[in-house]
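I have placed the structure first, in the form of structure tokens, so that the comments after it can refer back to it.
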Amino acid sequence: MLRAFGSRLGAPLLRATLGLGPGPGRGVGGACGQGWLQPAGHDTGVKVYNSLTRRKDPLIVGSADAASWYSCGPTVYDHAHLGHACSYVRFDIIRRILTRVFGCNIIMVMGITDVDDKIIKRANEMKISPASLANLYEEDFKQDMAALKVLPPTVYLRVTENIPEIISFIEGIIAHGHAYSTAKGNVYFDLQSRGDKYGKLVGVAPGPVAEPGDSDKRHASDFALWKAAKPQEIFWASPWGNGRPGWHIECSTISSLVFGSQLDIHSGGIDLAFPHHENEIAQCEVFHQCQQWGNYFLHSGHLHVKGKEEKMSKSLKNYITIKDFLKTFSPDVFRLFCMRSSYRSAIDYSDGSMLEAQHLLRAAAAFVEDARAYMKGQLACGPVREDVLWERLSHTKAAVKAALADDFDTPGAVDAVMDLIHQGNRQLKVVTKEPGGPRSPAVFGSVIAYVEQFFETVGISLADRQPRVTTASVPGPSRGAFLHSSLSVRNSESEKSASQCP
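Position in the sequence shown (from 1) plus 714 gives the number in the working numbering.
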């Protein structure tokens, strides 16, 4: 389900869909945002950028106890790379925030595409069955996600285990007059039958690609729901003959199996907006005979190779596998790297940007260790302005909550927490002799607890820094110099982060 269709969509339209700039004039297709129905239910307190409306809408889910979320999963024919990881980690952070900050219990379903042209081709090259290849790389994907600390979905559903349900879904679309079968055994969605309702998501439908001369489509823009079997390919029996599902119908069926005719949140990379998500909307709304199937579509920006206007992908041969990346950097560093930009924005990958994230985490970990040493009486400091720290802690809590409620503004939240650490470091003024005044361990205990809680909320453990940078073993003047160095790192990193945010 992770496919490269961004080139068809075009950079201006991609940016407009993500809310990062104006898009082209709208052509034939549905009016993006017009007719969107604000759902009834539980208001999470978050405003989220909705690709359906191209604006920030209040995030209202059917139930706080069971918010429905469908995530497009992988097509399992090869190792996952950092481009995939970036999208999954960003949405994992959002899921954790919704759950742990805004009290929303998420029911997440992820579809696994385990039969596909690429899987069949790769399996033939390796001289193994498509099922064996898919099983191998599905487990590989799950291991990579676990290594990145991505929470598993509530349930994975494989395409090959739901073929009868997919066939029934296609039959329903045909019965409603929106699809047709051909003499060759293919079934296509009749896009013209959708009228001006098509294009709800991207607002414009790019022209169809050229079709081969023997195409049996009625219209070039129609897309496959069922593909007739080719010689030597895996197939299933159907009312239209032997074959296998088209790409888009898989997700519509799998999501509907669990959530029915109403879905709170649908997520994926921006390259999936068209045609995949647009076609999912068309299929589900005609099958369920509903005006609005998915209420919120969230799309993540691409991971770019620094200095190039191209996303990281296998087809461009510019990718880094997750396993290779984790030989150099920790999953915590990658998470902070992802948090330093909006989940909707494109993000440049480079060793330098990873080192910047690593330095920030080391600075945070060093502050926590120094503050804990102060609480234990192992760090001699001058008088502490408790009133300043209590006020700053209260301000930080409010600022972080406000940032996360504003379309999951993780750069703003990180900046607020690092500013709190900056203020705490200013109070930890190392002296060479034992101070005579009162000590203030309670306020530092509260700051430590909040800083650790913030990072744990988004899946980052400050205790897992490798290699760890601490100040506990550094004698007096040198330790003070390190505190100053940590502060300088934080200031320079914040300035760079601010300049990169959209």
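Each residue gets a CB set at the ideal place from its N, CA and C atoms; glycine is no exception.
Coarse secondary structure for residue i, derived from DSSP in three states
| i | result |
| --- | --- |
| L1075 | helix |
| R769 | strand |
| R1054 | coil |
| C1095 | strand |
| S895 | strand |
| S981 | strand |
| A781 | strand |
| T1185 | The pLDDT assigned to T1185 is 39, lower than 50, so where the model puts this residue is not dependable; a value taken from the coordinates is nonetheless given after this. T1185: coil per DSSP, three-state reduction. |
| K1115 | helix |
| R1140 | helix |
| S1014 | strand |
| A942 | strand |
| F1122 | coil |
| V1131 | helix |
| T1042 | coil |
| P1152 | coil |
| V916 | coil |
| G955 | coil |
| G759 | strand |
| C751 | Checking the displayed sequence, the identity of residue 751 turns out to be Leu instead of Cys. Coil, per DSSP. |
| Y1063 | strand |
| G1008 | strand |
Spatial distance of residue i from residue j (CA atoms)
| i | j | result |
| --- | --- | --- |
| D666 | Q1006 | Residue 666 lies beyond the range of the chain shown here (715 to 1216); nothing can be said about it. |
| P788 | V901 | 24 Å |
| F937 | D1129 | 46 Å |
| P953 | I881 | 8 Å |
| S895 | G974 | 25 Å |
| F949 | R958 | 5 Å |
| H980 | A1078 | 34 Å |
| L812 | D771 | 15 Å |
| R794 | D1046 | It should be noted that the sequence gives Ala, not Arg, for residue 794. Their backbone Cα atoms lie some 18 Å apart in a straight line. |
| G825 | S785 | 7 Å |
| D792 | E839 | 13 Å |
| L905 | Q1167 | 49 Å |
| H1013 | V823 | 16 Å |
| H1016 | I984 | 7 Å |
| S1033 | M1026 | It is Tyr, not Ser, that sits at residue 1033 in the sequence shown. Using only the alpha carbons, I get a separation of about 5 Å. |
| V1144 | C1095 | 5 Å |
| M1068 | D930 | 50 Å |
| V1165 | L1093 | 19 Å |
| S969 | F883 | 11 Å |
| I774 | L971 | 22 Å |
| C800 | P989 | 21 Å |
| D910 | G917 | 10 Å |
| R908 | P878 | 25 Å |
| F1001 | S966 | 9 Å |
| Y1063 | D978 | 31 Å |
| H933 | A1112 | 55 Å |
| L751 | T767 | 10 Å |
| W940 | C1004 | 23 Å |
| D757 | L1074 | 34 Å |
Residue i: CB within 7 Å of a non-hydrogen atom of the ligand SAM
| i | result |
| --- | --- |
| R810 | With respect to the ligand SAM, the structure offers nothing, as it holds no ligand at all. |
Exposure of residue i, with buried meaning 16 or more beta-carbon neighbours within 10 Å
| i | result |
| --- | --- |
| E1083 | buried |
| I842 | exposed |
| A1177 | exposed |
| K914 | buried |
| E1070 | buried |
| Q1141 | buried |
| H892 | buried |
| K1090 | exposed |
| V869 | exposed |
| P1125 | buried |
| D779 | exposed |
| G1173 | buried |
| P844 | buried |
| E853 | exposed |
| A897 | exposed |
| N819 | exposed |
| A1085 | buried |
| Q1072 | buried |
| A1060 | buried |
| A942 | buried |
| T1042 | exposed |
Given 8 Å as the limit, is there contact between the segment 827-836 and the segment 1132-1139, that is, 3 or more CB pairs closer than that? No: fewer than three Cβ pairs fall under 8 Å.
Any 3 or more C-beta pairs closer than 8 Å across the segment 960-975 and the segment 983-997: As far as the Cβ criterion goes, the segment 960-975 touches the segment 983-997, which means the pair count is three or higher.
Go through the segment 770-840 residue by residue and report every complete run of the beta strand (DSSP E) that reaches 3 residues or more, in order. 781-789 and 820-827, all fully within the segment 770-840.
Given 8 Å as the limit, is there contact between the segment 1110-1125 and the segment 1052-1062, that is, 3 or more CB pairs closer than that? The segment 1110-1125 and the segment 1052-1062 touch, with no fewer than 3 CB-CB distances between them shorter than 8 Å.
Count the CB pairs spanning the segment 1149-1164 and the segment 1099-1112 that are closer than 8 Å, and state whether there are at least three. Taking 8 Å as the limit for Cβ pairs, the verdict is that the segment 1099-1112 does touch the segment 1149-1164.
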